[in-house]
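To keep things clear, I will list the structure first and then write my remarks on it.
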Amino acid sequence: MDIGRVLRHLLTPSWVLGRTFTPDVLAAIAEAVEASEAHHRGEIRFAVEAGLDLAELLRGTTTRARAIEVFSRLRVWDTEENTGVLIYVQWLDRRVEIVADRGIARQVPQAAWASVCRQMEAAFVEGRFRAGSVAAVAAVGELLARAFPPGPDNPNELPDRPVLLR
């Protein structure tokens, strides 16, 4: 167990997200999601979490495992064609995970999602949080557009607004 990581997670208040993910940044992400979803049948959710709680840290919860939990909690799986995608940012660890529902996972390889995650993490290291987030949404949208082009009926099944998890 990394004591530094545990302390960082336990001592950093969740309101620190508001310094980076300001209302303007959240609005830009929501606009990017809305624009992206016009070009495919997928549904994109974007969630950011400051830190993990003590129980998760003691269990050794990985960013991937937490992303899967959040995918379920936000009901990203609850789309007609099983085309939900979660972009999950674990802020204190500066890690990003993308979880795709089973309809998409059969069409888009995990390596493609991992590439988007690493690009987003690199943008964050450079302090480009807004640009990195919006670019990630666009990249996810491009992958979805290839596998699930829009049809005549393209309902918006999940909220476009990003979620800040406390």
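Letter by letter, the sequence shown follows residues 1223 to 1388 in our numbering. Yeah, the Cβ is synthetic: ideal placement off N, Cα and C, and Gly gets one too.
| query | result |
| --- | --- |
| Cβ-based neighbour list, residue 1386, same chain, cut-off 7 Å, excluding 5 preceding and 5 following | 1239, 1243 and 1270 |
| Where residue 1427 falls, given that 16 or more other Cβ within 10 Å makes a residue buried | The structure shown does not extend to residue 1427, since the chain spans only 1223 to 1388, so no value can be given for it. |
| Span separating the alpha-carbon of residue 1403 from that of residue 1277 | The shown model of the chain, from 1223 to 1388, leaves out residue 1403, and the question about it has no answer. |
| Selection from 1325, 1319, 1326 and 1332 that minimises the alpha carbon distance to residue 1342 | 1319 |
| Exposure label - residue 1352; buried when at least 16 CB within 10 Å | buried |
| Spatially closest choice to residue 1377 from 1241, 1261, 1245 and 1226, by CA coordinates | 1261 |
| Test: residue 1371 CB closer than 7 Å to a CB of chain B | No chain B appears in the structure shown, which is made up of a single protein chain. |
| From 1249, 1256, 1264 and 1275, residue whose alpha carbon lies closest to that of residue 1227 | 1275 |
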